[in-house]
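Engineer: Below is a structure I'd like to ask you about.
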Amino acid sequence: MSKIFTDYQPLNFITITEENALKIESLVKITDGVLWLPEKLNNNFQNSILSSEKKENKLYQYYHTSLAKHLANIWEDSQGIIFCLTLGAVVRLISPLLTNKEQDPAIIVIDPHTKYVISLLGGHQAHGDKLTELIAHQLEAKPIITSASFNLNLPPIDTFGYIFGWEKGHGDWTQVSANIARNQITLIKQDVGLNWWQNSLPSSHSFIFENNTIIDNNNLDNFSSPFLNQKQKNNLPLSIEEKETIINNSSINAMVYIGAKKTPDVNIPCISWHPRVLWVGIGCERDTSPSLIQSAVTKVFHEYNLELKAIASFATINIKSDEVGILALADKWHLPLKTFNSEELKEISVLNPSSIVKKEVGTPSVAEASALKAALSPNLPENQLKSPHLIVPKQIIREEGKKGAVTVAIAQSMLEYNPHDGKLYLIGTGPGSIEYLTSRAKTALREADIIIGYGLYIDLIKSLLRPEQMIEKSKITQEVQRAERAIELAKWGLKVAVISSGDCGIYGMAGLVLEILQNQRWNGKQPLVEVISGITALQSVAAKIGSPLMHDFCAISLSDLLTPWDVIEKRIIAAASADFITAIYNPRSLSRTEQIISTQAIFLQHRNPNTPVAIARSVTRDDENIIITTLAEMLNHPIDMLTTIMIGNSSTKRYHDLLITPRGYLKN
1 MSKIFTDYQP
11 LNFITITEEN
21 ALKIESLVKI
31 TDGVLWLPEK
41 LNNNFQNSIL
51 SSEKKENKLY
61 QYYHTSLAKH
71 LANIWEDSQG
81 IIFCLTLGAV
91 VRLISPLLTN
101 KEQDPAIIVI
111 DPHTKYVISL
121 LGGHQAHGDK
131 LTELIAHQLE
141 AKPIITSASF
151 NLNLPPIDTF
161 GYIFGWEKGH
171 GDWTQVSANI
181 ARNQITLIKQ
191 DVGLNWWQNS
201 LPSSHSFIFE
211 NNTIIDNNNL
221 DNFSSPFLNQ
231 KQKNNLPLSI
241 EEKETIINNS
251 SINAMVYIGA
261 KKTPDVNIPC
271 ISWHPRVLWV
281 GIGCERDTSP
291 SLIQSAVTKV
301 FHEYNLELKA
311 IASFATINIK
321 SDEVGILALA
331 DKWHLPLKTF
341 NSEELKEISV
351 LNPSSIVKKE
361 VGTPSVAEAS
371 ALKAALSPNL
381 PENQLKSPHL
391 IVPKQIIREE
401 GKKGAVTVAI
411 AQSMLEYNPH
421 DGKLYLIGTG
431 PGSIEYLTSR
441 AKTALREADI
451 IIGYGLYIDL
461 IKSLLRPEQM
471 IEKSKITQEV
481 QRAERAIELA
491 KWGLKVAVIS
501 SGDCGIYGMA
511 GLVLEILQNQ
521 RWNGKQPLVE
531 VISGITALQS
541 VAAKIGSPLM
551 HDFCAISLSD
561 LLTPWDVIEK
571 RIIAAASADF
581 ITAIYNPRSL
591 SRTEQIISTQ
601 AIFLQHRNPN
611 TPVAIARSVT
621 RDDENIIITT
631 LAEMLNHPID
641 MLTTIMIGNS
651 STKRYHDLLI
661 TPRGYLKN
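Counted the way the numbering used here counts, the sequence shown spans residues 1 to 668.
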């Protein structure tokens, strides 16, 4: 199974004919889905075109009731149900089973000719829109998605926060989503958490952003408040009164709050996302009542207007790792519990140290120190990590009639905790034109949360990217930084695509990323890694110039940044003397000009000067240029880092503008 589809399990496919089953069987395999067929096809198996091998490996499953009853049986256990049926039939089948968008699975329809993939239901909440695109790329079909955010090229406001592990808060989600779909002014107030999602918004978006004291808005011309326009254009801070006027101004139709506090009480439709930035330190007397521990935490959050959904983790001293009340609350709220020994905690500087606590457990603080220590401990990207701060000092809480006492403190980290398991997709994007990308590569690119690569290569695939995806471009010489950054973000919980032109495993990023993971003693499982091949330069050049690679061949890079020239030179001599057809990568740069001259000289010692040579630049791109010349004349033509050179062997011949290397089939 492709690692791309692991987050969408379980998937159930349904069709009613052998013909359609054969059309989608490769998709079922790739996605690790189950393909359900009517029992009558199983009964007629001896006369079936479905092989016994497929029957035995359970690629096909058979339902014994009506399709409507079978659908009801698998409905609740499905993440997605994919039909290869007519749209009308699917609508009639699912209509009695629909409850609400929070619970229903994604419903996707593949037309019987597999030309279209339709996101019918669950586009946002069940990730049906995204799954539709992934399936369409696998089938090389057209995805049909009708959601408003997709057509406005906006991130889906009701699901995009899940990427970062945010928790969905309260509010009028239907009305806010409708306002955004109508392109009405929507205020975004983000106190904490990553704001990378803002960078990919289209210029036509209707959001304005309040970041502490300044609202940053790119669409001021359509905003109706004159004083706001002038102040923002002059980058002046707004007073509290002005900000309240803006929020309550009828020109703003909705509000999205992203923070650790409760959903704001404003007179316009408002929704909230809660990044998990709060780390709750808990200390208590032995055998404190579990209900007291829960009510203490709840009380502190209420008093400080904090949202429980913003909790990243509970934390305490290790001698409390078996405290029934703490364990019960962590389990009830589905939160991790971090524990630290006294030596670790006493190194943390706190506001309210206690000599009594130090005497009892060996550290002057449990609640405050463990909260701060936990906020430092998550696997966060290093360049985003800042020191956490205590936003709630320790609160000691007792309640009449309940045994024990509880101490609660809350620290806030600058970057949210992300509970997801990250993935690394190492992708070869081919020679340049999108049409040369493999279906697997396109699918992985659409699935990724963030794309990392050399700027030119990212620009070539830009039309494939989703609006909520984050993009990080860097210079061509920053391969190590890209690899380290990608690993860092994948360990944090993102799905990261690292792109290379051609094939990522041939002079690409795959080897570097895996080498760094090896040095970090990666366990081979987290993050998950998938290497996705692409059409490399020597293949694309060969296809453009005929059939030069019909006999043994090799590839040599002339770049000596990572390989000493004397080693490269030995390889050139070996290839030339052994009569290999040879593809030359990285032949010349602005600062490296002599290597290609030496390469020609070496080949001339072993090959006829009239040996055919192809000089190919930017193959499959808009500025493609291919020159067919000879070994003797090759240096008379432009050569740079975007050029691949193909040197024929002793039997390679030129015929018109093609190079042909005989395989030997026509020998007498």
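Don't be surprised by glycine CBs; every beta carbon is placed ideally from N, CA and C.
(1) Quick check on the burial criterion: 16 or more other C-beta atoms within 10 angstroms. Buried or exposed for Tyr8?
(2) For Pro226 and Ser206, I'd like the C-alpha separation in whole angstroms.
(3) Apart from the five residues just before and just after Ile602, which ones in its own chain have a Cβ nearer than 7 angstroms to its Cβ?
(4) Report yes if the CB atom of Ala328 is closer than 9 angstroms to the CB atom of Ala371, and no otherwise.
(5) According to DSSP, simplified to helix, strand and coil, what is His551?
(6) Indicate whether Leu187 and Phe164 have their beta-carbon atoms separated by less than 9 angstroms.
(7) To which residues of the same chain is Glu19 closer than 7 angstroms at the C-beta, ignoring the five residues directly before and after it?
(8) Using the rule of at least 16 other Cβ atoms within 10 Å of the residue's Cβ for burial, across every protein chain shown, is Arg607 buried or exposed?
(9) Taking the continuous alpha helix (DSSP H) assigned at Ile180, which residues delimit it?
(10) Determine which residues share a DSSP beta bridge with Arg466 and list them.
(11) Can you tell me which of the three DSSP states Thr443 falls into?
(12) Residue range of the beta strand (DSSP E) that Tyr457 falls in?
(13) Would you give the residue range spanned by the beta strand (DSSP E) that Ala21 belongs to?
(14) Grouping DSSP H, G and I as helix and E and B as strand, with all else coil, what is Glu76?
(15) Just to confirm the assignment, what range does the beta strand (DSSP E) spanning Lys653 have?
(16) Helix, strand or coil for Gln61, going by three-state DSSP, please let me know.
(17) Can you list, in chain order, the residues of its chain whose CB lies under 8 angstroms from that of Ile427, leaving out five sequence neighbours each side?
(18) Kindly confirm or deny that the segment 633-651 and the segment 545-558 touch, where touching means at least three C-beta pairs closer than 8 angstroms.
(19) DSSP state of Lys189, grouped into three classes?
(20) Quick check: the Cα distance between Met725 and Ala483, rounded to an integer number of angstroms?
(21) For the beta strand (DSSP E) containing Ser119, list its first residue and its last residue.
(22) Quick test of the definition: if touching needs 3 or more C-beta pairs under 8 angstroms, does the segment 631-644 touch the segment 608-615?
(23) Do Gln184 and Asn253 have their beta-carbon atoms positioned less than 9 angstroms apart in this structure?
(24) Do Thr31 and Gln138 have their C-beta atoms closer together than 9 angstroms?
(25) Mind listing, in chain order, the continuous beta strand (DSSP E) runs of no fewer than 3 residues lying wholly within the segment 494-557?
(26) On a CA-only basis, which of Ala141, Ala312 and Glu39 is nearest Pro419? Give me that one, please.
(27) Please check if any C-beta of chain D sits within less than 9 angstroms of the C-beta of Gln595.
(28) Assuming contact is defined by CB atoms lying nearer than 9 angstroms, are Leu489 and Ile450 in contact in what I supplied?
(29) So, at 6 angstroms on beta carbons, what are the nonlocal neighbours of Gly161 in its own chain, with the 5 sequence-adjacent residues on each side left out?
(30) Among Gln175, Val34, Ser439 and Cys84, which has the Cα closest to the Cα of Asp77?
(31) Measuring alpha carbon to alpha carbon, tell me which residue in Ser203, Ile516, Leu528 and Leu390 is nearest Gln481.
(32) Which of helix, strand or coil does DSSP assign to Gly430?
(33) By the three-class DSSP mapping on this structure, what secondary structure does Lys670 have?
Structural biologist: Result, derived from the coordinates:
(1) Tyr8 is buried by the Cβ-count criterion.
(2) Residue confidence for Pro226 is low, a pLDDT of 34 falling below 50, so the modelled location carries little weight; the figure read from the coordinates is stated next. So the two alpha carbons sit approximately 17 angstroms from each other.
(3) Ile572, Ile573 and Ala576
(4) No.
(5) coil
(6) no
(7) none
(8) By the 16-neighbour rule on beta-carbons within 10 angstroms, Arg607 is buried.
(9) Residues Trp173 to Ala181.
(10) DSSP output for Arg466 lists no bridge partner at all.
(11) helix
(12) From DSSP, Tyr457 is part of no beta strand (DSSP E) but of the alpha helix (DSSP H) over Gly455 to Leu460.
(13) Per DSSP, Ala21 lies in no beta strand (DSSP E) segment; the continuous alpha helix (DSSP H) that holds it begins and ends at Glu18 to Thr31.
(14) coil
(15) It spans Lys653 to Tyr655 - the beta strand (DSSP E) in which Lys653 sits, taken as one unbroken run.
(16) strand
(17) If you ignore the 5 residues before and after Ile427, its C-beta comes within less than 8 angstroms of the C-beta of Ala441, Ala444, Leu445, Ala497, Val498, Ile499, Ser500, Cys504, Ile532 and Gly534, all in its own chain and listed in chain order.
(18) yes
(19) It is a strand residue.
(20) Missing from the structure shown is residue 725; the chain here goes from 1 to 668 and no further.
(21) Tyr116 to Leu121
(22) yes
(23) Yes, they are a contact pair.
(24) yes
(25) 495-500, 528-532 and 553-557
(26) Ala312
(27) Of the chains in the structure shown, none is chain D; there is only one protein chain.
(28) yes
(29) The residues are Trp273.
(30) Val34
(31) The option with the nearest alpha carbon to Gln481 is Ile516.
(32) DSSP places Gly430 in strand when its eight states are reduced to three.
(33) A question about residue 670 goes unanswered here, because the residues of the chain that appear run from 1 up to 668.
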